[in-house]
Every structure is written in C-alpha cells, then in structure tokens.
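There are 2 protein chains.
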Amino acid sequence: MANNSKSIVDCITATLRDEILRGQYRPGERLPSERDLASRFEASRGAIREVLKKLEELGIASINPGGVRVVPIEEASLSILGPLLELHEWPDVTLVRHLLEVMGSLMSMSARTAIERASDDEISQIQRIVQRMIATDDPKENQENWKDLARLFARINDNLVLRLIFNGLKTQFPKREDDPNFELVVDQQQRIKNLKLFELSLRKRDSKGAADAISSDFLLAIDAVERTLNSHPFETGTASQETR
Amino acid sequence: MANNSKSIVDCITATLRDEILRGQYRPGERLPSERDLASRFEASRGAIREVLKKLEELGIASINPGGVRVVPIEEASLSILGPLLELHEWPDVTLVRHLLEVMGSLMSMSARTAIERASDDEISQIQRIVQRMIATDDPKENQENWKDLARLFARINDNLVLRLIFNGLKTQFPKREDDPNFELVVDQQQRIKNLKLFELSLRKRDSKGAADAISSDFLLAIDAVERTLNSHPFETGTASQETR
DNA sequence: CTGACCAAATTGGTCTGACCACTACGGTCA
DNA sequence: TGACCGTAGTGGTCAGACCAATTTGGTCAG
Numbered sequence: 563m564a565n566n567s568k569s570i571v572d573c574i575t576a577t578l579r580d581e582i583l584r585g586q587y588r589p590g591e592r593l594p595s596e597r598d599l600a601s602r603f604e605a606s607r608g609a610i611r612e613v614l615k616k617l618e619e620l621g622i623a624s625i626n627p628g629g630v631r632v633v634p635i636e637e638a639s640l641s642i643l644g645p646l647l648e649l650h651e652w653p654d655v656t657l658v659r660h661l662l663e664v665m666g667s668l669m670s671m672s673a674r675t676a677i678e679r680a681s682d683d684e685i686s687q688i689q690r691i692v693q694r695m696i697a698t699d700d701p702k703e704n705q706e707n708w709k710d711l712a713r714l715f716a717r718i719n720d721n722l723v724l725r726l727i728f729n730g731l732k733t734q735f736p737k738r739e740d741d742p743n744f745e746l747v748v749d750q751q752q753r754i755k756n757l758k759l760f761e762l763s764l765r766k767r768d769s770k771g772a773a774d775a776i777s778s779d780f781l782l783a784i785d786a787v788e789r790t791l792n793s794h795p796f797e798t799g800t801a802s803q804e805t806r
Numbered sequence: 563m564a565n566n567s568k569s570i571v572d573c574i575t576a577t578l579r580d581e582i583l584r585g586q587y588r589p590g591e592r593l594p595s596e597r598d599l600a601s602r603f604e605a606s607r608g609a610i611r612e613v614l615k616k617l618e619e620l621g622i623a624s625i626n627p628g629g630v631r632v633v634p635i636e637e638a639s640l641s642i643l644g645p646l647l648e649l650h651e652w653p654d655v656t657l658v659r660h661l662l663e664v665m666g667s668l669m670s671m672s673a674r675t676a677i678e679r680a681s682d683d684e685i686s687q688i689q690r691i692v693q694r695m696i697a698t699d700d701p702k703e704n705q706e707n708w709k710d711l712a713r714l715f716a717r718i719n720d721n722l723v724l725r726l727i728f729n730g731l732k733t734q735f736p737k738r739e740d741d742p743n744f745e746l747v748v749d750q751q752q753r754i755k756n757l758k759l760f761e762l763s764l765r766k767r768d769s770k771g772a773a774d775a776i777s778s779d780f781l782l783a784i785d786a787v788e789r790t791l792n793s794h795p796f797e798t799g800t801a802s803q804e805t806r
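Line order of the protein sequences matches chains A and B. In this text, residue positions in the first sequence follow this note's numbering: the first is 563, and each later residue adds one. In this text, residue positions in the second sequence follow this note's numbering: the first is 563, and each later residue adds one.
Here is the structure:
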C-alpha cells in the first residue's frame with residue numbers, strides 16, 4: 563500500500579499503523595500473528611517483530627504472549643497525532659480544533675513565563691518577530707513566524723516538558739498549507755488587533771496580558787479553520803472514535 | 563543493571579535508555595554497534611534490533627546505516643519524561659517545576675472548555691470532586707481527586723490531543739509519594755481558598771474564573787514542591803542538559 | 001602538508017529456520 | 001453441563017548468513 567522509499571520495516575509500520583488508526587481492527591481485537599503478517603507483507607518475522615515493537619511504543623498495539631492486541635487510540639502516545647492528522651485528505655475538524663486549543667493554551671502559558679523571565683534583549687527579539695507577524699498577511703509566512711516565536715519561547719523558558727510536547731505536536735502541521743484548496747480566511751483586522759495588544763503587553767512586561775492576547779489569536783485561528791474545513795467536501799472520518 | 567522480570571528486550575531497553583538519559587553517551591555520538599551490544603548484553607542481534615527500534619521510537623536514538631547515533635533529549639518524544647523523572651532518587655527540581663507549569667496550563671484550559679460545554683449534571687459531578695478535595699488534606703488522596711477531575715474534564719471535552727498528552731504525562735507521577743521522606747508542605751489555607759474560588763466560579767459557570775483558580779492552585783503546588791525538594795540531600799542531575 | 005581518492009572493514013537491513021515457554025482453544029470425560 | 005487436559009498456535013529468543021551502504025584509514029598526486 564504505502565510503498566515509500568524507506569526501509570521495509572518503516573514501510574510496513576506505516577501501513578499497519580494507518581490500518582489500525584483507520585479502525586480496520588477494533589480495539590482489543592487480536593492482530594494477525596507475526597507469522598501471518600510476515601507472509602502477508604512478504605517479510606521475515608524479524609522485520610515484523612521490529613514493526614510491532616514500534617507500534618507498541620506508539621501505544622496502539624500491546625504485545626503479549628498469546629497474541630498482539632490493538633489498543634484504543636485514547637491510550638496511545640502523542641506521536642500518533644501526526645499520522646492521525648494525515649490519515650484523511652481533509653483533517654478531522656474537531657481534531658484540529660482540539661489541537662489548536664491545546665497549542666493555544668501552551669503557547670499562552672509559554673509566553674507568560676517567557677516574558678516573566680526574559681532579558682531585555684530577549685524581549686526585543688520577541689518584539690521583532692511580532693512586528694514581522696503584523697507586517698505580513700501571508701498564512702505560510704505567518705506560520706513560520708509562529709514557529710520562530712515558539713522556538714524563542716522554548717529557549718527562554720528552557721522548559722524541557724514543553725519542548726517534548728511540541729516535538730510531538732509540531733511535526734504534522736505544515737504540509738496542509740501546500741494544498742491550493744486549503745485557504746484560511748482569517749479576520750485580518752481582529753488578528754492585527756490581537757497582535758498589537760500583545761506587543762503592547764510586551765512593552766509593559768505585562769505577561770498576563772500577553773498570554774491573553776495569544777489566547778485570543780488562537781481562538782481566532784480556530785474559528786478560521788472551522789469555517790474553512792466545514793466548507794469543503796468531506797469524508798466521513800473514522801478518526802474520532804468513541805471515548806471509552 | 564536493571565534486571566526486571568520483564569522480557570529481555572524490555573530490560574535491555576530500560577538499561578540502555580537510562581544510560582543514554584544519564585548522558586553516558588553524548589548526543590550525536592555513536593552507540594556501540596548492534597553486534598557489540600549483543601555480545602555485551604549476551605543477547606542475540608535480533609533482540610538488540612528490537613531494543614534499538616524502541617529507542618528510536620522514543621526519540622533518543624537515530625538508526626541509520628553506518629551506525630546508531632544518540633539524539634539530544636530535547637528532540638525526543640514525550641514518552642521519555644517518565645524514565646527521566648525516575649532516573650535519580652530525587653527528581654530534578656526544575657524539571658518537576660516545568661512539568662507542573664505545563665500541567666497547570668493544560669488543566670486550566672481543560673477546565674475552561676469543559677465548564678463551557680458541560681451539562682448541568684456534569685457540573686455537579688465536578689462539584690462533587692471539588693468538595694472531596696476541600697474535605698481532605700491528605701496529599702495522596704488529593705492526587706487521586708485531581709486525577710479524577712482530569713479524567714472527568716477529558717470526558718467532557720472529548721479532546722483527544724489533550725488525552726494523548728496526559729497519557730505521556732501522568733504515567734510517572736504517583737510513585738514518589740510512597741517515599742516517606744517526601745512530604746509536601748502545602749499552604750492549606752491558600753489551597754482551600756483556591757478551591758472555594760473554583761467552586762464559586764463553577765456555580766456561576768464562570769469558566770475563566772475557574773481556570774484562573776486552577777492556575778493559582780498549581781502555582782501553589784509548584785511552590786510547595788520547590789520548597790520540599792530543595793530542602794533535601796541532592797544528587798547533581800544530568801537530566802537538564804544544555805539547550806543547544 | 002593538503003586534499004582527493006580508493007579499498008577494506010564495519011555497520012545496519014533483512015532473511016531463514018530453529019527451539020522454548022506459555023496461552024488459547026477445542027474436545028473429552030465425569 | 002461443567003471441569004479437565006492436550007494440542008496447536010503464539011510470542012520470545014537465538015544463531016548464522018548475505019547484501020548494500022557507510023565509515024575508515026591508508027595511499028598517492030598536487
């Protein structure tokens with residue numbers, strides 16, 4: 563299926579992972595035995611075992627004597643978010659919404675603590691990025707700016723937990739933007755307003771105000787994404803399964 | 563070293579992972595070859611390969627032809643947080659602080675959106691938990707209450723991203739509490755005050771107020787943890803490495 | 001001394017086939 | 001009907017082999 567150029571086990575991993583994420587095997591159900599998988603993919607059992615180890619580490623499979631079982635997505639690792647988002651041609655609206663909610667919350671917190679701890683020089687670095695954000699209205703460029711900002715916050719905060727979460731989060735975002743049909747309709751006026759508010763708070767070292775400004779901007783983005791995604795041809799997504 | 567009762571590869575994985583996390587191999591450096599590792603652990607190369615696949619999925623090793631290389635912790639997956647926290651007898655203070663900051667932020671956000679979407683019945687469920695929190699001052703019991711609250715929020719929000727993050731976050735917390743020396747000194751008065759504020763906001767469906775109350779309580783917890791951990795014999799932790 | 005270049009050693013990638021301990025399952029027997 | 005038991009199947013692990021690619025270290029020309 564997904565015959566990428568990678569190594570065989572990576573390829574099989576991707577295929578099997580996607581099949582599981584698509585719900586092709588119900589949670590709790592047994593996966594085919596290693597030997598069966600080996601013959602199906604025309605690979606050796608060793609290769610299949612490596613695949614399964616990876617799937618287990620991803621949190622979507624549980625290897626135990628007697629059979630490999632599928633684990634419900636809700637108990638998986640953060641790393642499956644990427645594959646999950648790229649699964650369907652159009653990402654699941656509510657999933658994206660939830661992702662943005664979380665990112666907004668973390669960016670907001672990140673901004674708050676960063677501003678509290680930043681040196682004057684770092685503050686002006688932040689300011690420079692924000693000004694770049696205000697100057698452009700190109701979504702792609704802006705995404706880069708947001709990434710820069712996140713990186714800068716990460717460096718200032720030196721918060722490992724935050725970095726690890728972002729590692730699992732950021733991986734998947736960018737590719738969608740290349741899609742010509744995928745055009746975000748953002749309320750530019752409101753956006754600029756938020757950013758200016760952020761800059762003002764920054765100048766006053768009002769970390770709470772800055773955090774709020776960022777939150778607002780993410781709410782705006784959520785709104786835009788929802789409107790964009792909802793106005794498009796849609797596949798029924800098996801992505802968001804039952805919550806227990 | 564870590565001869566747990568698990569399977570050989572899980573055991574080796576744990577050993578090797580901890581060695582890497584301890585900084586025994588510098589980032590970018592090459593790990594011993596699969597064959598060398600196999601002879602060192604007296605295991606077959608197949609087993610070692612499975613181990614390495616897991617380490618790769620954890621984001622701390624990068625397998626490529628010519629040699630396996632160590633990846634700096636900052637680029638790892640969230641799943642290493644657990645092992646990282648359990649590495650030293652006394653957890654790294656700043657790491658715990660950062661963890662609490664993140665959890666506080668997420669719980670706060672979680673509370674906000676949950677309260678906005680909750681049914682009346684769910685609101686009263688929240689209230690019941692909060693009352694339990696107010697009633698007791700046993701840290702262990704309280705931690706259970708917080709977990710219940712988080713679970714409830716997760717159910718109400720139905721936010722997969724949030725759940726995945728918590729999956730990676732919660733795993734590691736509880737065990738410390740068993741340590742008799744580990745006694746948190748929380749300002750109970752302030753804690754109750756925060757909780758009452760939360761309950762009040764809840765009653766008024768003031769999601770923002772509730773979120774703030776939770777934030778405050780986490781700040782309190784951070785304060786308590788820092789005071790507790792700092793007052794104890796300390797090992798120099800290799801945990802928080804340089805950020806670039 | 002420097003840099004390009006080449007060959008051997010090493011490394012990961014994969015396969016085959018084998019053995020063990022344990023589980024799952026179906027059939028037997030009371 | 002229900003407890004019991006044996007077999008088939010499963011994962012866990014091992015050994016040894018081959019290939020393609022990289023790494024390494026030495027050689028040789030500038």
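All C-beta atoms, glycine included, are put in the ideal place defined by N, C-alpha and C.
Given residue i as reference, the closest of the options once Cα atoms are compared
i	options	result
LYS770 of chain B	B:ARG674, B:ALA605, B:ARG725	B:ARG674
LYS568 of chain A	B:GLY590, B:ASN626, B:GLY621	B:ASN626
GLY590 of chain A	A:ILE727, A:GLU637, A:ASP682	A:GLU637
ILE754 of chain B	B:VAL633, B:LYS766, B:GLN693	B:GLN693
Contact list for residue i against chain A, beta-carbon separation under 8 Å
i	result
PRO608 of chain B	Sequence inspection shows Gly at residue 608 of chain B; the Pro mentioned does not correspond to that position. Per Cβ cutoff of 8 Å: GLY608, ARG611.
THR675 of chain B	GLU663
LEU759 of chain B	In chain order: nothing, as chain A lies at least about 17 Å away.
Expected contact under 8 Å - CB spacing of residue i and residue j to nearest Å
i	j	result
ILE570 of chain A	ALA600 of chain A	11 Å between Cβ atoms; not a contact.
GLY730 of chain B	SER641 of chain B	6 Å
GLU684 of chain A	ILE718 of chain A	5 Å
ILE688 of chain A	LEU764 of chain A	6 Å
Where residue i meets chain B, residues with beta-carbon distance less than 8 Å
i	result
LEU657 of chain A	LEU722, VAL723
ALA638 of chain A	LEU726, ASN729
ILE635 of chain A	LEU722
Chain-ordered neighbours of residue i on chain A, where CB pairs are closer than 9 Å
i	result
ILE754 of chain B	The premise fails here: ILE754 of chain B is roughly 24 Å from chain A at the closest Cβ pair, so nothing lies under 9 Å.
Outcome for residue i when other beta-carbon atoms lying within 10 angstroms are tallied against a minimum of 16
i	result
LEU578 of chain B	buried
ASP654 of chain A	buried
LEU612 of chain B	Looking at the sequence itself, residue 612 of chain B is Glu, so the reference to Leu does not match. GLU612 of chain B is buried by the Cβ-count criterion.
VAL787 of chain B	buried
GLU797 of chain B	Bear in mind that the predicted position of GLU797 of chain B carries a pLDDT of just 46, short of 50, making it unreliable; the figure below should be weighed with that in mind. That one is exposed.
GLU663 of chain A	buried
ASN565 of chain B	Low confidence applies to ASN565 of chain B: its pLDDT is 45, below 50, so where it sits in the model is not reliable enough to give any reading.
GLU651 of chain B	exposed
ARG725 of chain A	buried
GLY621 of chain A	buried
LYS766 of chain B	exposed
ASP598 of chain A	exposed
ASP699 of chain A	exposed
Cα-Cα separation between residue i and residue j, rounded to whole angstroms
i	j	result
ILE691 of chain B	LEU791 of chain B	28 Å
MET563 of chain B	ARG592 of chain B	Confidence at MET563 of chain B is low in this model, with a pLDDT of 45, below 50, so its placement is unreliable and the value that follows should be read with caution. If you take the alpha carbons of MET563 of chain B and ARG592 of chain B, they lie about 21 Å apart.
GLY617 of chain A	ASP749 of chain B	With the sequence shown as reference, residue 617 of chain A is identified as Leu, and Gly is not the correct amino acid for it. So the alpha carbons of these two residues sit roughly 44 Å apart.
VAL658 of chain A	VAL723 of chain B	9 Å
GLN752 of chain B	SER667 of chain A	25 Å
ALA623 of chain A	ILE776 of chain B	35 Å
SER686 of chain A	ARG679 of chain A	13 Å
ARG789 of chain A	VAL747 of chain A	8 Å
ASP779 of chain A	ASN704 of chain A	12 Å
GLY608 of chain B	GLU648 of chain B	28 Å
PRO645 of chain A	ALA576 of chain B	26 Å
SER802 of chain B	ARG602 of chain A	Annotation note: pLDDT 42 at SER802 of chain B (below 50); position unreliable, coordinate value reported separately. The straight-line gap from Cα to Cα measures roughly 45 Å.
GLY585 of chain B	ILE635 of chain B	9 Å
ASP580 of chain B	ARG631 of chain A	28 Å
ALA697 of chain A	ASP710 of chain A	15 Å
HIS660 of chain B	ILE727 of chain A	12 Å
SER595 of chain B	ASP572 of chain B	19 Å
LEU643 of chain B	ALA783 of chain A	30 Å
MET809 of chain B	ALA712 of chain A	Nothing in the structure corresponds to residue 809 of chain B, since chain B is present only between 563 and 806.
MET665 of chain B	TRP708 of chain B	11 Å
LEU714 of chain B	ASP682 of chain B	14 Å
ALA772 of chain B	SER672 of chain B	10 Å
GLY628 of chain B	ARG588 of chain A	39 Å
GLU706 of chain A	ALA676 of chain A	19 Å
LYS702 of chain A	ASP785 of chain A	18 Å
Residue i: contacting residues in chain A (beta-carbon distance under 7 Å)
i	result
HIS650 of chain B	Simply none; closest approach about 14 Å.
LEU620 of chain B	GLU619
SER667 of chain B	SER667, LEU668, MET671
ASN615 of chain B	Residue identity check: residue 615 of chain B is Lys in the sequence provided, not Asn. Within 7 Å Cβ-Cβ: GLU612, LYS615, LYS616.
Interface residues of chain B facing residue i [CB-CB closer than 7 Å]
i	result
LEU643 of chain A	VAL723, LEU726
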